[in-house]
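A.B. asks: Quick note on numbering: our numbering labels position 240 of the sequence shown as 299, and the sequence is numbered without any gaps. Ideal placement from N, C-alpha and C gives every residue a C-beta, glycine not left out. For clarity, every value in this text was computed on a predicted model and none was experimentally measured. My questions will all concern the structure given below.
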Amino acid sequence: MLLRRFLFLVIVTIPLSASAGIPGSGETRVLFEADSIYHHIVVAEDRFARYLRFDRSFQSGMLLTAPFESPFLYAAYAHMGLIFAPQAKRVLVIGLGGASVPKRFWRDYSEMTVEVAEIDPMVVDVAKRFFAVREDPRLRIFVQDGRLFLRRTERRYDMIILDAFFAESIPFHLTTHEFYELARSRLSPNGVIVANLIGALEGPRSSLFRAMYKTYAEVFPGLYLFPVALRPYDDVNDIRNIMLVASAERKLTRSEIMERARRVAPRIKFREFLKYAGDYYDESISVDDVPVLTDDYAPVDTLIPLYHWTPVKRP
Numbered sequence: 060m061l062l063r064r065f066l067f068l069v070i071v072t073i074p075l076s077a078s079a080g081i082p083g084s085g086e087t088r089v090l091f092e093a094d095s096i097y098h099h100i101v102v103a104e105d106r107f108a109r110y111l112r113f114d115r116s117f118q119s120g121m122l123l124t125a126p127f128e129s130p131f132l133y134a135a136y137a138h139m140g141l142i143f144a145p146q147a148k149r150v151l152v153i154g155l156g157g158a159s160v161p162k163r164f165w166r167d168y169s170e171m172t173v174e175v176a177e178i179d180p181m182v183v184d185v186a187k188r189f190f191a192v193r194e195d196p197r198l199r200i201f202v203q204d205g206r207l208f209l210r211r212t213e214r215r216y217d218m219i220i221l222d223a224f225f226a227e228s229i230p231f232h233l234t235t236h237e238f239y240e241l242a243r244s245r246l247s248p249n250g251v252i253v254a255n256l257i258g259a260l261e262g263p264r265s266s267l268f269r270a271m272y273k274t275y276a277e278v279f280p281g282l283y284l285f286p287v288a289l290r291p292y293d294d295v296n297d298i299r300n301i302m303l304v305a306s307a308e309r310k311l312t313r314s315e316i317m318e319r320a321r322r323v324a325p326r327i328k329f330r331e332f333l334k335y336a337g338d339y340y341d342e343s344i345s346v347d348d349v350p351v352l353t354d355d356y357a358p359v360d361t362l363i364p365l366y367h368w369t370p371v372k373r374p
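Right, here's the structure in full:
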């Protein structure tokens, strides 16, 4: 397959309406556009931020005046993992995107070593050219499928962050019971998984999230949910980022989680970290009508909530 690669040497300014919904205000300009073997990649910016888009989905971004800050709130919620693994020193991130998560962990926690597994070499190139990513001994990027990387490595991680999904597509082999067992085998004794999921907590567009939740529950005793910017009992049917922390610790209460969050908060450089921790969602998740995802059966394409969902039936 031939790669079509286009670099706008003269930056093209296009109206917001023509930019496929790139957030922000005013005009948006495209810095880079190309087809990789996995995505149609677009890098664009407005007056405030630079954005990375895969196909029709926004993947990540950074503020122009503060390259370690993201305009997308989910990147802050990735730090919820430190509530459950406060002494984490070795972190693996599967999925690079614009590197909002790994470069922030690298900057904020000087004791950490961060490794990234990213399958798409063009994504690595784009992250380095446009999103202020710099490798060094504490931040290393490997061009490799995340599951293959885990299968081959002998290292153990205090935290594995799964950030390889986007709204239009999901690599099914990173959603299955077998993959979660592999990931758990690469954790240190007190290690945790932090997964950035996209979906709804309830309702007709929740099937994929609930199937993944059910599958995680087959492998991990403790599952803790942090829906991004949740308004309880108001928008549980809305599509959003949902941070799932999978741990060997089961049945921690809300008060215990918040107490741990208060202890770790002095290390966290997000001013509203405790507010984000307070979005912990402790309602039960219904899973009776969704499958456990396995290597033999993982129908994720039919469960993706944005483009393959069944509307609510009206009486």
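(1) With a Cβ-Cβ cutoff of 8 Å, do residue 300 and residue 252 count as a contact?
(2) Along the beta strand (DSSP E) that carries residue 267, what are the first and last residues, could you check?
(3) Can you list, in chain order, the residues of its chain whose CB lies under 7 Å from that of residue 209, leaving out five sequence neighbours each side?
(4) Pull up the DSSP beta-bridge partners for residue 300, would you.
(5) May I have a chain-ordered list of the alpha helix (DSSP H) segments no shorter than 4 residues that lie completely inside the stretch 119 to 154?
(6) Please classify residue 103: does DSSP put it in a helix, a strand, or coil?
(7) Taking residue 281 as part of the beta strand (DSSP E), name the residues at either end of that continuous run.
(8) Please state whether DSSP places residue 92 in a helix, a strand or coil.
(9) So, using beta-carbon positions, are residue 296 and residue 270 closer together than 8 Å?
(10) Skipping 5 residues on each side, what residues in its chain have a beta carbon closer than 7 Å to that of residue 181?
(11) Can you tell me whether DSSP reads residue 311 as helix, strand or coil?
(12) Write down the C-beta distance between residue 88 and residue 127 rounded to the nearest angstrom, noting that I regard them as a contact closer than 8 Å.
(13) By DSSP, does residue 218 sit in helix, in strand, or in coil?
(14) Just to confirm, does residue 106 get its C-beta within under 7 Å of one of the non-hydrogen atoms of the ligand GDP?
(15) What's the gap between the Cα of residue 159 and the Cα of residue 119?
(16) Excluding the five sequence neighbours on either side, which residues of its own chain have a C-beta within less than 8 Å of the C-beta of residue 171, listed in chain order?
(17) Going by the CB atoms, is the gap between residue 233 and residue 215 shorter than 8 Å?
(18) Based on DSSP bridge pairs, tell me the residues matched to residue 198.
(19) Could you tell me the boundaries of the alpha helix (DSSP H) in which residue 242 lies?
(20) Would you mind reading off the limits of the alpha helix (DSSP H) that contains residue 340?
(21) Sorted by chain position, which residues of the same chain lie with C-beta nearer than 7 Å to residue 167's C-beta, five sequence neighbours on each side aside?
C.D. replies: Put simply:
(1) It is not a contact, given that the beta carbons lie outside the stated cut-off.
(2) Counting along the chain, no beta strand (DSSP E) covers residue 267; the unbroken alpha helix (DSSP H) around it starts and ends at 266 to 276.
(3) Closer than 7 Å at the Cβ level, and outside the excluded window around residue 209, lie 241, 242, 245.
(4) DSSP lists 257 as partners of residue 300.
(5) Entirely contained in the stretch 119 to 154, the alpha helix (DSSP H) runs reaching 4 residues are, in chain order, 133 to 136, 140 to 143.
(6) If DSSP states are grouped into helix, strand and coil, residue 103 belongs with the strands.
(7) Start and end: 281 to 286.
(8) The three-state reading of DSSP puts residue 92 in strand, counting E and B together.
(9) It is not a contact, given that the beta carbons lie outside the stated cut-off.
(10) Close CB contacts of residue 181 within its chain, under the 7 Å cut and outside five residues either way in sequence, are with 93, 95, 100 (chain order).
(11) Annotated three-state conformation of residue 311 is coil, per DSSP.
(12) The beta-carbon distance between residue 88 and residue 127, rounded to whole angstroms, is 22 Å. This is too long to meet the 8 Å contact definition.
(13) It is a strand residue.
(14) The ligand GDP is absent from the structure shown, which contains no ligands of any kind.
(15) Roughly 7 Å separates the two Cα atoms.
(16) Excluding sequence neighbours, residue 171 sits near 147, 148, 149, 150, 164, 165, 197.
(17) Annotated as distal: residue 215 and residue 233, with beta-carbon spacing of 8 Å or more.
(18) In DSSP, residue 198 forms a bridge with 173, 195.
(19) Start and end: 236 to 244.
(20) Taken as a continuous stretch (DSSP letters only), residue 340 belongs to no alpha helix (DSSP H), as it is neither H nor E.
(21) Counting only Cβ-Cβ distances below 7 Å, and skipping sequence neighbours, we find 328.
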